[in-house]
Amino acid sequence: MSTKQMEHKVADLSLAPAGREKIQWAESRMPVLMALREKYGQTRPFAGFRIAGCLHVTKETAVLVETLVAAGAEVAWSGCNPLSTQDDVAAALAAGGVPIFAWHGMNTAEFYWAIDECLGRRPNLTLDDGADLIFSAHARHKELAKTSIIAGTEETTTGVHRLRAMAEDGKLLYPVVAVNDAETKWDFDNVYGTGQSSIDGILRATSILLAGKNFVVAGYGHCGRGVAMRAAGMGANVIVTEVKPTAALKAILDGHRVMTMDEAAALGDVFITATGMKDVIVARHFAAMKDGAVICNTGHYDCEIKIDDLTALAGAGRAIRPNNEQYTLPDGRRVFLLAKGRLVNLAAAEGHPSEVMDMSFANQFHALLWMSREGKDLAPAVYDITEEQDQEIAALKLETMGRRIDTLTPDQVAYARDYAAGT
Ligand code: ADE
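For what it's worth, my numbering labels the leading residue of the sequence shown as 167, then goes sequentially.
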C-alpha cells in the first residue's frame with residue numbers, strides 16, 4: 167500500500183464537464199435520492215464517517231456519492247467492474263474532490279489496486295456491488311475489517327449469496343446489509359433495470375432487429391425474467407434455459423419456450439446469460455451455433471460464457487465495432503461476443519436507467535445510515551432492510567410520480583388480523 171495518498175486516478179480529467187452534464191441529467195430523474203440529499207444535507211448524519219464504495223461508476227452512482235458527501239461522509243470510490251466505468255462521470259467526481267480510482271478498461275491488478283487505495287483511507291463503512299471490497303478487506307486488510315470497519319452494504323444477488331455463505335462459514339467479520347434483497351431493489355432494478363439496460367447494450371453493440379429472432383435467455387431469476395420480458399416485447403421469440411424447476415415453470419407460464427442449452431445452442435440468434443453461474447455457454451455450444459449468433463452476458467462476473475473455449479475453437483476475436491468482437495469458427499461460421507463477456511448493460515450501454523437506480527440507491531443510503539447508528543452493536547451477519555423502510559421508499563417514489571393509493575380503514579386492519587372471522 168502506498169504511504170502517500172493519491173487524490174484520484176481517472177482516465178482524463180478534462181472529461182469532467184461532460185460528466186457533470188450526465189450527473190445533472192440523472193439528478194433530475196432521481197427524486198427520492200435528491201429528497202434524501204435535501205433532508206440529510208441539513209443534519210449531516212454521516213459527519214465523521216469514512217465510506218469506501220466499490221460500485222459501477224455511472225451517472226447514477228455519482229448522484230449517490232454526492233448525496234453521501236452532502237450528508238457529511240468522507241467518501242472514497244472504485245469501480246466494481248473493469249468495463250463499467252463511465253470516464254466522464256469519474257472525471258466529474260474527481261474534479262468535485264472525491265478520491266476516486268476508476269477508469270474504463272482497468273486490468274485485474276489495477277482493479278485491486280484501486281480497491282486498496284480506498285481501503286487505505288481506513289473506512290468505517292463499506293458499500294459493495296459484487297462484494298470485492300469486502301472480500302479484499304477480509305483477505306488483505308484483516309486488521310481494518312476487525313477494527314475500523316463497522317459495517318457494510320451489498321447491492322447484488324451474487325454478492326449477497328457469497329456473503330451469506332461467508333457468514334455461514336463463520337468468516338464474516340462485520341455486519342452487512344443485503345440491499346439487493348429489499349423489494350424496492352430486486353423487484354425493480356433486477357427486473358426492469360436489467361431488462362431494459364441489457365437490451366439497450368445489445369442494440370448499441372449490434373444494431374440488430376430483435377423482432378423475429380430466437381433470443382435465448384440463460385437463467386430465469388429476476389434479471390433473466392426482465393430481459394425475457396423486454397425481448398418478447400420487441401417481438402423476439404424467447405427461449406429460456408434453467409436449472410431450477412420452479413424457475414423453468416414460471417418461464418413456461420410466462421409464455422416462453424424452455425429447453426436445455428444443448429438444444430437451444432443451434433436455434434439461438436442471440437444468447438444472453440443471467441445466471442450468476444460459471445460455464446453456462448461452453449465449447450460444445452459455440453460449436454453448434456448458427457452463423458451470425460450474438461452472445462453476451464448480464465450476470466455480475468464474466469465467467470458465464472467460457473471465452474477460453476471460444477478462443478480455442480476460433481482463435482482471437484476481431485473487434486468489428488464498439489463492444490462487438492467477431493470470432494470465426496474453422497468452417498467459416500461467425501459468432502459475435504459482446505463486451506468481452508462482461509456485463510453488456512454497463513459495458514455497452516449506461517447501466518440501469520436513473521429512475522430505477524433512484525430506489526436502489528435510496529436503499530443504499532438508508533442501509534448505511536442504519537449501520538452508521540447501529541452497526542457497531544450488531545453481530546457479523548447478513549441483515550435485511552426492514553419492511554417499513556422498503557414501503558417508505560416505495561411510498562416516496564409514488565409521491566414523486568404523483569400517484570396516490572388507497573389506505574386501509576381501521577376496520578379493515580382489524581379484519582386482516584381476525585383469525586376467527588371465517589367465511
Ligand atoms: N448497476 C446497474 N445499473 C447501474 C447504474 N446505472 N449505476 C450503478 N450501478 C448499476
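We treat Cβ as the ideally placed atom computed from N, Cα and C, and that holds for glycine.
query: Whole-angstrom distance between Glu491 and Ala348, CA atom to CA atom; result: 37 Å
query: Span separating the alpha-carbon of Arg569 from that of Asp353; result: 19 Å
query: Cβ pair Trp279, Thr251 closer than 8 Å; result: no
query: Pair within 8 Å by beta-carbon distance, Cys469 and Lys506; result: no
query: From Thr324, Asp254 and Arg210, residue whose alpha carbon lies closest to that of Glu516; result: Asp254
query: Buried or exposed by the 16-neighbour rule on C-beta atoms within 10 Å, applied to Leu338; result: buried
query: Burial state of Asp543, where buried means 16 or more other Cβ atoms lie within 10 Å; result: exposed
query: Buried versus exposed, by CB contacts within 10 Å (16 or more), Thr575; result: exposed
query: Own chain, CB closer than 8 Å to Asn403, minus 5 neighbours either side, in chain order; result: Gly378, Lys379, Asn380, Phe381 and Arg423
query: Thr233 - containing beta strand (DSSP E), residue span; result: Taken as a continuous stretch (DSSP letters only), Thr233 belongs to no beta strand (DSSP E), being part of the alpha helix (DSSP H) at Lys225 to Ala236.
query: Sufficient close CB pairs (3 or more, under 8 Å) joining the stretch 227-245 to the stretch 206-219; result: yes
query: Spatial distance of Asp577 from Thr589 (CA atoms); result: 17 Å
query: Counted within 10 angstroms of its Cβ, other Cβ atoms place Met455 as buried (16 or more) or exposed; result: buried
query: Glu516: CB within 7 Å of a non-hydrogen atom of ligand 1; result: yes
query: Cβ distance (whole Å) where Glu321 is taken to contact Asp295 below 8 Å; result: 4 Å
query: Cβ shell of Leu202 (< 7 Å), same chain only, five flanking positions each side left out; result: Thr233, Ala528 and Phe531
query: Met200 burial status per 10 Å Cβ neighbour count (16 or more: buried); result: buried
query: Start and end residues, alpha helix (DSSP H) containing Asn118; result: The question about residue 118 has no answer here: the residues shown for the chain are numbered 167 through 589.
query: Any non-hydrogen atom of ligand 1 closer than 7 Å to Asp295 Cβ; result: yes
query: Host alpha helix (DSSP H) of Ile486 (start-end); result: Run containing Ile486: none in the alpha helix (DSSP H); it sits in the beta strand (DSSP E), Arg484 to Arg487.
query: Nearest residue (CA-CA) to Lys175, options Ile266, Asp420 and Thr439; result: Ile266
query: Cys284 in three-state terms, based on DSSP; result: helix
query: Assigned exposure category for Ser168 - 16 Cβ within 10 Å defines buried; result: Any reading at Ser168 needs caution, since the residue's pLDDT is 44, under 50, leaving its predicted position unreliable; the model's value is listed next. Ser168 is exposed by the Cβ-count criterion.
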